[in-house]
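Undergrad: Below is the structure I would like to discuss, written out as structure tokens.
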Amino acid sequence: MKYIALDILKLAGVESPETKIGKVSVRIGGVVANEPNKIINVLGDEVEVIVARTEKYVFKVPETQSEEHAANVHAEKERQGKIASQPYLEREAAKAEAAPAE
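In structure tokens form, the structure reads like this:
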């Protein structure tokens, strides 16, 4: 399952995670998380989270991802342009309908 880094830190029990990403070293399953919206593909049942090289936490992956966390990943992918947003798809469909047939 994919999560954004901030959600993983919150679910792992890190205090004030918003203040840590980008200011101190944060590694999630060996991946450097230097921004709160970094998308992390979580494999396995649990992932080690290391904050400031000394604080260790464990993120236990739930069996199903909450809608909120899935929506956060989806929104970040849209922001990065990796998937088309619904308004974009609607605009393209309207353009196709308005275009004269050749």
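So in this note's numbering, spot 101 of the sequence shown is number 728, and the numbers just go up one at a time.
All residues carry an ideal CB built from backbone N, CA and C; glycine is no exception.
Which residues share a DSSP beta bridge with Glu-694?
TA: The residue you call residue 694 lines up with position 67 of the sequence shown. Answer is none; Glu-694 lacks a bridge partner.
Undergrad: To which residues of the same chain is Val-685 closer than 8 angstroms at the C-beta, ignoring the five residues directly before and after it?
TA: Numbered from 1 along the sequence shown, position 58 holds the residue referred to as residue 685. The residues are Ala-639, Glu-673, Val-674, Glu-675 and Val-676.
Undergrad: Beta-carbon within less than 7 angstroms of Gln-692's beta-carbon, same chain only, minus the 5 sequence neighbours each way: which residues are those?
TA: The residue labelled residue 692 in the question sits at position 65 within the sequence shown. The answer, listed in chain order, is Met-628.
Undergrad: Arg-654 to Gly-671, Cα distance in whole Å?
TA: Your numbering for residue 654 matches position 27 in the sequence shown. Your numbering for residue 671 matches position 44 in the sequence shown. The straight-line gap from Cα to Cα measures roughly 16 angstroms.
Undergrad: Hey, quick one: how far does the beta strand (DSSP E) through Lys-683 stretch, first residue to last?
TA: Taking the first residue of the sequence shown as 1, we reach residue 683 at position 56. Note, Lys-683: beta strand (DSSP E), 682-687.
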